[in-house]
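Heads up, the thing below is written out as structure tokens.
Residue numbers (the numbering used here): 1 to 271.
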């Protein structure tokens, strides 16, 4: 068995996740659901009413991929932050080696365009991502949480996958462990957004299906698209990064000529 952790915009839970997965005999796959700026990450004010970011899932295949993901996340905060830490496609192209990308949920660029009826724009976005990532490492992502919008878009994602010969993968957007946790998660969302449960115009999830589903449940949902299920195992087989959990990894500092490391450290601290 394998499981991926893809928190939004960070990998803060990586070490704990790896340790606990290893202890239980589960293959850990490190990833991140990054935010992608619609144009340049340096543009902070957008024209029109479009979104200021799209979602994209990145999974680490190897050490090179881990280093690239770290570069992307760091620059998303230092260079692209606008409400959310954002990368852009230019930055992704510079740091795509060793990564697998999934097109994301309904807030992914491909699904978003399809939801607006912009099929040509969706095709262009999918092909661009496929050209940025190493060959065969970009997947169109399909999800089913019982939401009407997904029922509308999923057939379009399937058609797009087959038309462009881009592999399809089925996932579940997990925000809590079991179905019974849906109400608690909704209350926490109200706390986060400072809203009341009774308010109708607040942010809320569209169903109680955002839990960790079993293999059997996923097969029930996507049994008619066997390749979407099979590709989950293919992706897991690609991802073989081992997080270094022992030893110390301290940064190396070169002191100026004629200055000891201790003297240099003292000077930098005071500065």
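Every residue gets a Cβ at the ideal spot worked out from N, C-alpha and C, and that includes glycine. In this text, all values refer to a predicted model and were calculated from it rather than measured experimentally.
query, result
"Cβ neighbour criterion (16 or more within 10 Å) applied to residue 162", "exposed"
"C-alpha gap between residue 27 and residue 2, whole angstroms", "4 Å"
"Per DSSP, cross-strand counterpart(s) of residue 99", "60"
"For residue 36, the first and last residue of its enclosing beta strand (DSSP E)", "27 to 36"
"For residue 187, the nearest candidate out of 205, 174, 170, 173 (CA to CA)", "205"
"Alpha-carbon to alpha-carbon, residue 46 and residue 168", "31 Å"
"Residue from 139, 140, 111, 191 whose Cα sits closest to the Cα of residue 152", "111"
"Validate contact between the segment 73 to 87 and the segment 22 to 36 using beta carbons, cut 8 Å, 3 pairs", "yes"
"Distance CB(residue 211)-CB(residue 181) smaller than 8 Å", "yes"
"Beta-bridge pairing of residue 87 - partner residues as DSSP gives them", "36"
"4 or more residues per run - each alpha helix (DSSP H) lying fully within the segment 212 to 246", "215 to 222, 226 to 238"
"CB-CB length for residue 52 against residue 82, believed under 8 Å", "6 Å"
"Cβ shell of residue 17 (< 8 Å), same chain only, five flanking positions each side left out", "5, 28, 30"
"4-residue-minimum alpha helix (DSSP H) runs that sit fully inside the segment 101 to 187, ordered along the chain", "109 to 115, 119 to 132, 148 to 164"
"Neighbour-count burial assignment, residue 197, 16 or more Cβ in a 10 Å radius", "exposed"
"Boundaries (first-last residue) of the beta strand (DSSP E) holding residue 5", "2 to 5"
"Contact under 8 Å by Cβ, residue 101 with residue 57", "yes"
"Cβ separation of residue 127 and residue 115, assumed to be a contact under 8 Å, to the nearest whole Å", "Actually they are not in contact, since the Cβ atoms of residue 127 and residue 115 sit about 18 Å apart, beyond 8 Å."
"Contact check, residue 69 vs residue 118, beta carbons under 8 Å", "no"
"Proximity winner among 155, 268, 199, relative to residue 225 (alpha-carbon distances)", "155"
"Cβ pair count under 8 Å reaching 3, the segment 137 to 146 against the segment 213 to 231", "yes"
"Straight-line Cα distance separating residue 243 from residue 148", "39 Å"
"Same chain only: Cβ atoms within 7 Å of residue 217, ignoring 5 sequence neighbours per side", "none"
"Status (buried if at least 16 other CB within 10 Å, exposed otherwise) for residue 92", "buried"
"Boundaries of the alpha helix (DSSP H) in which residue 199 is found, first to last residue", "It is not in any alpha helix (DSSP H) - residue 199 carries neither H nor E in the DSSP assignment."
"For residue 259 and residue 266, the rounded distance between their alpha carbons", "11 Å"
"Counted within 10 angstroms of its Cβ, other Cβ atoms place residue 191 as buried (16 or more) or exposed", "exposed"
"Backbone secondary structure at residue 54 - three-state DSSP", "strand"
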